[in-house]
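This is the structure we're talking about:
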């Protein structure tokens with residue numbers, strides 16, 4: 727629950743930044759920032775299942 731609130735606040739901050747950059751005609755920077763954000767989210771989701779499997783294997787021993 728806490729993680730979702732943090733992600734929501736980050737997204738709101740990014741949206742405000744994107745709006746400001748578009749008004750200044752710097753839209754490419756906003757796409758770059760979004761690409762970094764979504765890449766980190768995807769990397770975290772891909773690494774989480776492997777961490778959970780490792781923890782289960784260690785607890786089974």
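Residue numbers (our numbering): 727 to 787.
Using N, Cα and C, we set each Cβ at its ideal position, and we do this for glycine too.
Since the model is a prediction, treat every value here as computed from it, not as a measurement.
- Rounded to whole angstroms, the separation of the alpha carbons of residue 771 and residue 742 is 25 Å.
- Here the alpha carbon of residue 734 sits roughly 17 Å from the alpha carbon of residue 745.
- If you check the CB distance, residue 736 and residue 760 do not come in under 8 Å.
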